[in-house]
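Novice: Each residue of the sequence shown is one higher than the last, beginning at 0 in numbering that gives the first Met the number 0. Cβ coordinates follow ideal geometry from the N, Cα and C atoms, glycine included. One structure follows; several queries about it will come next.
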Amino acid sequence: MANIIIRPGWYRSEREATSERLYHNRRQFIKTLGIGAIGMGLIGCTSKNGQAQANNGLANDTPEEESPNADLYPAKRNEAYRADREMTEEEYATTFNNFYEFTEQQNQVYKEVGKFETRPWEFEITGLVNKPQKLTVDELVRKLPLEERVYRFRCVEAWAMTVPWTGIPLKKILELAEPTSLAKYVRFVSFYRPTQAPNQKRATWYNWPYYEGLTIEEATNELTMGVTGLYGKELPKQNGAPLRVIVPWKYGYKGAKSIVKIELVDNQPKTFWNDLSPEEYGFISNVDPEVPHPRWSQATERLLGDPEIRVDTRKYNGYGEYVASLYEA
Ligand SMILES: Nc1nc2c(c(=O)[nH]1)N[C@H]1C(S)=C(S)[C@@H](COP(=O)(O)O)O[C@H]1N2
Ligand SMILES: [Mo]
């Protein structure tokens, strides 16, 4: 499968980690489902279909619609948060993505999002709250002020980037609904639209829609953001438009993209990757160079770019001063 993909030069040093993860997960699902060799063949086929779709250029040829929020971007940068790393070039951050609803091939996601409709986009804040909310993201960005923050970002697959997100502290978004004192965790649910997201239709062995969770302390930490923009513009579809979560001291998968529901709950919620492979993807999932993934080291990471640079991974992704106390109490 991988050898039919035409990769741009900067993709060359992509680690086996990614394909290993896919391999492992597929094997596991196949085992779980009891499909065996026939199922394997099927998966190979659907990947080729995905490739054909990717080549039709749909996403690239569609002109961007005029945004009603153009006046809000770029938002003022909050200089209190400094990444002390060079910013990743926009091209890399928007053409190398993890967004399994579309495809498992990170360098193809941006070509598969053409049919994905992200406006209007209603989402709800529900569960253990006094004032359940249902609002659109366009309403949200008028209700609460946007700010820009440059954060480091670290995927569990050992690639990393440094990008300017635009958004709202998640705490402020949650406060719209007035969480009750019973709320101990926050659960996030992404969209389910198999007609717009090819891999939701194709890869039925995943438990769609994507779901994630944080403790209430993590969700209301000052670093945690509800993100609506990137590089001074509205969030591109491939990066999780129109609203995603960013938790910069955790592995990237803890931040759900394109969310439709935020639920305040009293028990630790289940999470998409943990349900699929519990020994590999825990609930807490803080970035930690000393805790290897069962199949690769987390001691270093490669920065998206050309050339790709390998650097040491930092505990809590370098955000210990903000969050270490949550875990070392
Ligand atoms: N709904 C949804 N959210 C998701 C994912 C996904 O596949 N689906 N992938 C996660 C992973 S593994 C990472 S690393 C980041 C990638 O975000 P980026 O593509 O903007 O870099 O999104 C996270 N959120
Ligand atoms: Mo990731």
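Return no unless some Cβ of chain D is closer than 9 angstroms to the Cβ of S189.
Specialist: Here there is only one protein chain, and chain D is not present.
Novice: Please determine if the segment 222–239 and the segment 110–119 are in contact, where contact requires at least 3 C-beta pairs separated by less than 8 angstroms.
Specialist: Yes: the two stretches touch, three or more of their Cβ pairs being nearer than 8 angstroms.
Novice: Which partner residues does D311 have in the DSSP bridge list?
Specialist: Looking up residue 311 in the sequence shown gives position 312. According to DSSP, D311 bridges with T299.
Novice: What is the DSSP secondary structure of E327, reduced to helix, strand or coil?
Specialist: Stepping through the sequence shown from its first residue, residue 327 is reached at position 328. Coil.
Novice: Is the beta carbon of W272 less than 9 angstroms from the beta carbon of M224?
Specialist: Counting from 1 along the sequence shown, the entry for residue 272 is found at position 273. Counting from 1 along the sequence shown, the entry for residue 224 is found at position 225. It is not a contact, given that the beta carbons lie outside the stated cut-off.
Novice: Enumerate in chain order the residues of its own chain whose CB-to-CB distance from V290 is below 7 angstroms, with the five nearest sequence positions on each side excluded.
Specialist: The residue given as residue 290 occupies position 291 in the sequence shown. Within the same chain, V290 has close Cβ partners Q297.
Novice: What would DSSP say about V226, mapped onto helix, strand or coil?
Specialist: Start at 1 with the first residue of the sequence shown, and residue 226 comes out as number 227. V226: strand per DSSP, three-state reduction.
Novice: Whose CB is closer than 7 angstroms to a heavy atom of ligand 2? List the residues in chain order.
Specialist: Result (chain order): N97, C154, V155, E156, Y250, G251 and Y252.
Novice: Are A196 and R151 closer than 9 angstroms when you measure CB to CB?
Specialist: Numbered from its first residue, the sequence shown carries residue 196 at position 197. Numbered from its first residue, the sequence shown carries residue 151 at position 152. No, these two residues do not count as a Cβ contact at 9 angstroms.
Novice: If you drop the 5 nearest sequence neighbours on each side, which residues of the same chain put their C-beta closer than 6 angstroms to that of M330?
Specialist: Only positions 0 to 328 of the chain appear in the structure, and residue 330 is not among them; the question remains open.
Novice: What is the DSSP secondary structure of P197, counted as helix, strand or coil?
Specialist: Walking along the sequence shown from the start, residue 197 turns up at place 198. DSSP places P197 in helix when its eight states are reduced to three.
Novice: Among L143, N106 and R313, which has the Cα closest to the Cα of T135?
Specialist: For the purposes of this step, residue 135 is taken as residue 136 along the sequence shown, with counting starting at 1. Here the closest residue by C-alpha is L143.
Novice: Please confirm whether P178 and L263 have their CB atoms less than 9 angstroms apart.
Specialist: Your numbering for residue 178 matches position 179 in the sequence shown. Your numbering for residue 263 matches position 264 in the sequence shown. Closer than 9 angstroms, so yes.
Novice: Starting from Y91, trace the alpha helix (DSSP H) both ways and give me its first and last residue.
Specialist: Indexing the sequence shown from 1 puts residue 91 at position 92. Taken as a continuous stretch (DSSP letters only), the alpha helix (DSSP H) holding Y91 covers E89 to T94.
Novice: Ignoring anything shorter than 4 residues or poking outside the segment 135–188, list the alpha helix (DSSP H) runs there in chain order.
Specialist: 136–142 and 169–174, all fully within the segment 135–188.
Novice: So is A159 buried or exposed if we call it buried at 16+ other beta carbons inside 10 Å?
Specialist: Within the sequence shown, numbered from 1, the residue matching residue 159 stands at position 160. Buried, because 16 or more other Cβ atoms sit within 10 Å of the Cβ of A159.
Novice: For ligand 1, is there any heavy atom lying closer than 8 angstroms to the beta carbon of G238?
Specialist: Walking along the sequence shown from the start, residue 238 turns up at place 239. The sequence shown places Asn at residue 238, rather than the Gly named in the question. N238 Cβ: within cutoff of ligand 1.
Novice: Would the beta-carbon of S257 fall within 9 angstroms of that of P241?
Specialist: Numbered from its first residue, the sequence shown carries residue 257 at position 258. Numbered from its first residue, the sequence shown carries residue 241 at position 242. Their beta carbons are under 9 angstroms apart, which means S257 touches P241 by this criterion.
Novice: Please classify F271: does DSSP put it in a helix, a strand, or coil?
Specialist: The count along the sequence shown starts at 1 and reaches residue 271 at position 272. In the structure shown, F271 sits in a helix (DSSP, three-state: H, G or I).
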